[in-house]
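Each remark here refers to the structure printed beneath this line.
Put into structure tokens, the structure is as follows:
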């Protein structure tokens with residue numbers, strides 16, 4: 001679904017590349033989590049998948065990005081956005097309307113969703129994100145977290161094939177963050193939507209993402225299946241990326257027992273492993 | 280100020296009017312106010328403004344707007360009264376013609392300023408823009424400019440407040456009672472505010488583009504804005520206001 005070949009990108013008027021030699025492939029129905037320290041190029045990568053880089057942000061661009069077979073260079077941003085739905089990091093600047101309902105309508109109207117289908121999609125999106133009660137509210141009266149949910153709902157209503165989210169839970173409390181991840185899981189599993197999410201909450205990423213990629217200074221530090229990436233816990237720590245405690249636990253136990261143990265990503269798994277070892 | 284353009288939800292007669300009718304009504308009131316030279320008729324127009332506010336169910340807001348305009352009105356009244364040199368003096372250098380003229384200027388100002396703010400209070404900006412695109416066939420680009428500008432007023436104020444709070448926390452006396460001193464302190468804030476707004480508008484442009492801004496046509500809107508029976512009396516009122524202004 002997403003195929004990136006040797007992508008190197010330098011923003012105009014910058015000397016250091018924001019992304020360097022990124023090669024990445026996400027299959028249809030994949031769920032990729034991207035993590036890395038500030039300034040690692042995460043946002044640039046999200047922009048590149050949606051075609052916003054280089055269409056809106058010019059610069060030196062090498063390599064290729066293909067989404068659903070379309071090369072992002074050869075296609076217009078408008079055509080690309082039928083396939084890729086993007087939720088940006090800065091919530092306030094991406095909300096266009098003054099009222100929640102209008103914000104959801106905006107994209108649907110533009111992309112020509114049949115008018116008899118609009119109410120269903122509207123209700124679906126509002127319900128999935130859990131903001132049905134905010135439908136008539138003005139954006140100005142919402143909290144940061146509520147706005148973030150509106151931004152997510154407005155993209156979900158469009159049912160894109162690929163969903164790119166740049167730190168969508170930045171302003172959300174733990175319960176709402178989990179709710180968003182659960183929603184992404186549903187969209188991913190039931191509707192086959194490919195999800196790419198940039199996120200700092202590593203515990204959630206480990207639990208939900210099937211693939212993980214760690215970026216550092218514009219380069220891929222490590223990528224692969226979630227468990228595989230987590231087995232590099234010490235290197236990640238050195239980079240400033242915290243691994244979940246359960247992943248540490250498996251590493252520690254491995255050293256202690258001198259056995260090869262699977263990397264745990266959830267508390268339940270860790271519990272089962274510890275019980276197994278105690279027998 | 281924060282709530283100046285804020286939509287007040289409701290289901291009054293004014294709320295239900297077609298957005299275009301509301302705009303026409305606003306324009307009719309303004310045109311009538313500029314056509315007439317009759318003090319009593321101007322006062323009657325002010326009555327129409329107030330009536331609209333009361334029917335719309337926003338009397339508090341109406342009075343708020345009136346109160347806000349009062350300061351400017353008082354200033355204008357004094358200026359006009361002092362500077363008019365015709366007529367017979369009533370006291371000191373103020374003449375009867377001056378007072379009459381000042382009254383008219385002030386009333387006209389209030390009459391013209393009120394309906395637009397009122398209309399924005401009882402109409403969603405998006406409805407206004409969509410109706411303009413659908414019914415009047417205003418190019419969407421201009422309608423978008425209007426909605427975005429109004430949408431960002433509260434945002435802008437919020438940001439200004441944030442910057443001021445940050446500065447206050449670092450010992451700058453924004454809570455001073457001296458307005459001149461305060462103004463002097465606010466001016467340097469314009470640079471950061473401007474920079475962040477430009478950055479923000481750039482982001483908004485991308486957000487609009489990735490959600491199909493360029494595909495939008497006059498028939499894209501989901502909501503339709505047909506003229507209904509309740510628009511008729513409003514249209515008649517518009518005609519009556521202008522005819523009366525021409526006659527009196």
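Protein chains in written order, with my numbering: chain R, 1 to 279; chain P, 280 to 527. Backbone N, C-alpha and C define an ideal beta-carbon position, used for all residues, glycine too. This one's a predicted model, so the numbers in the text were calculated from it and none came from an experiment.
- For a Cβ distance threshold of 9 Å, nothing in chain R lies close to residue 291 (chain P): the least Cβ distance comes to about 16 Å.
- Contact note: residue 429 (chain P) reaches chain R through 98, using a C-beta cutoff of 9 Å and chain order.
- Under the Cβ criterion (8 Å, minimum of three pairs), the stretch 266 to 275 of chain R does not count as touching the stretch 486 to 499 of chain P.
- Fully contained in the stretch 51 to 82 of chain R are the following beta strand (DSSP E) runs of length 3 or more, in chain order: 59 to 67.
- Sequence-ordered contacts of the stretch 472 to 486 of chain P with chain R read 479, 482, 483, 485, 486 [C-beta pairs closer than 7 Å].
- Residues are counted here when their Cβ sits less than 7 Å from a Cβ of chain R; for the stretch 398 to 419 of chain P these are 403, 404, 405, given in chain order.
- Near chain P, meaning a CB-to-CB distance below 7 Å, no residue of the stretch 27 to 38 of chain R qualifies.
- Per the Cβ contact rule, the stretch 399 to 415 of chain P is not in contact with the stretch 462 to 480 of chain P (fewer than 3 Cβ pairs under 8 Å).
- Selection R:192, R:235, R:133 evaluated against residue 216 (chain R) yields R:235 as nearest (Cα-Cα).
- Taking C-beta separations shorter than 6 Å and ignoring five residues to either side along the sequence, the partners of residue 249 (chain R) in its chain run 270, following chain order.
- Checking the DSSP bridge columns, you'll see residue 25 (chain R) partnered with R:3.
- When DSSP assignments are scanned along the stretch 112 to 162 of chain R, the uninterrupted stretches of alpha helix (DSSP H) that are 4 or more residues long and fall wholly within it turn out to be 118 to 129, 144 to 156.
- For residue 194 (chain R), the uninterrupted beta strand (DSSP E) run begins and ends at 194 to 198, by DSSP.
- Secondary structure at residue 204 (chain R): helix, using DSSP grouped into helix, strand and coil.
- Rounded to whole angstroms, the Cβ separation of residue 390 (chain P) and residue 325 (chain P) is 5 Å, and the two are in contact under 8 Å.
- The secondary-structure analysis by DSSP pairs residue 166 (chain R) across a beta bridge with R:198.
- Around residue 50 (chain R), the same chain offers 84, 86, 164 as residues with beta carbons nearer than 6 Å, after the five sequence neighbours per side are excluded.
- In chain order, 140 make up the part of chain R whose C-beta sits under 8 Å from the C-beta of residue 433 (chain P).
- For residue 259 (chain R), the nearest beta carbon of chain P is not closer than 8 Å to its own beta carbon.
- Look at residue 497 (chain P): its C-beta is not under 8 Å from any C-beta on chain R.
- Per DSSP, the unbroken beta strand (DSSP E) holding residue 216 (chain R) starts and ends at 211 to 216.
- Judged by pairs of C-beta atoms under 8 Å, the stretch 5 to 15 of chain R touches the stretch 51 to 64 of chain R, as three or more such pairs exist.
- Secondary structure at residue 223 (chain R): strand, using DSSP grouped into helix, strand and coil.
- Residues of the stretch 183 to 211 of chain R whose Cβ lies closer than 8 Å to any Cβ of chain P: none.
- Here DSSP, grouped into helix, strand and coil, assigns residue 260 (chain R) to coil.
- Residue 368 (chain P) carries a strand assignment under DSSP once its states are collapsed to helix, strand and coil.
- In this structure residue 434 (chain P) is in contact with residue 92 (chain R), their Cβ atoms being roughly 6 Å apart against a cut-off of 8 Å.
- Residue 494 (chain P) reaches chain R at 78, 110, 111, 112, counting residues in chain order whose Cβ is nearer than 8 Å.
- When Cβ-Cβ separations below 8 Å define contact, residue 105 (chain R) makes contact with chain P.
- A distance below 8 Å separates the beta carbons of residue 95 (chain R) and residue 139 (chain R).
- For residue 50 (chain R), a Cβ of chain P is located within less than 8 Å of the residue's own Cβ.
- Listed by position along chain P, the residues whose Cβ is nearer than 9 Å to that of residue 9 (chain R) form an empty set, because the closest Cβ is around 16 Å away.
- For residue 506 (chain P), no beta strand (DSSP E) segment is defined, and its DSSP state is neither H nor E.
- Residue range 469 to 488 is occupied by the alpha helix (DSSP H) that includes residue 477 (chain P).
- Non-local beta-carbon contacts of residue 331 (chain P) in its own chain, meaning distances under 7 Å to residues more than five positions away in sequence, involve 293, 394, 397 in chain order.
- Pairing residue 440 (chain P) with residue 478 (chain P), the inter-Cα distance amounts to about 18 Å.
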